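What follows is a single structure, written as structure tokens, with notes after it.
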Amino acid sequence: MQVELNALSKQGDWAGMASKIDEDLLRTIAVVGTPSEVATEIVRRFGHQADRVCLYFPGYPISDGCIAQTITAIKTASGRLS
Numbered sequence: 017m018q019v020e021l022n023a024l025s026k027q028g029d030w031a032g033m034a035s036k037i038d039e040d041l042l043r044t045i046a047v048v049g050t051p052s053e054v055a056t057e058i059v060r061r062f063g064h065q066a067d068r069v070c071l072y073f074p075g076y077p078i079s080d081g082c083i084a085q086t087i088t089a090i091k092t093a094s095g096r097l098s
């Protein structure tokens, strides 16, 4: 898949690239959902390995409130809410 996606990116065919990524693959390589869902999944996947995470919101504006909700939910899910 990497070769095909690479070729599509060089052609600037972003829609073509997106069509190759199904829901299962997306959820394998990314954490998606509501702030609460994202927090639970981040802690499940990475809580035993990482003490920091970086949130990335590609392609659309994100409100400060949503970021705050996500951070609070991660702290709560990890037991680090103080």
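Residues 17 to 98 in the working numbering are what the sequence shown lists, from first letter to last. For every residue, glycine included, the Cβ atom is placed at its ideal position computed from N, Cα and C. Keep in mind it's a predicted model, so treat the numbers as computed, not measured.
How many angstroms separate the CA atom of Ser52 from the CA atom of Thr86? 7 Å
Could you give the DSSP three-state label for Phe73: helix, strand or coil? coil
What residue does the alpha helix (DSSP H) around Asp38 start on, and which one ends it? Note, Asp38: premise wrong, no alpha helix (DSSP H); not H, not E.
Quick check on the DSSP output: the alpha helix (DSSP H) that includes Asp80 runs from which residue to which? Asp80 to Ser94
Judging by CA-CA distance, which residue of Ala31, Gly49, Asp80 and Ile58 is the nearest neighbour of Cys99? Residue 99 falls outside the range modelled here, since the chain spans only 17 to 98, and no answer is possible.
Excluding sequence positions up to five away, which residues of its chain have a Cβ less than 7 Å from the Cβ of Cys82? Pro51
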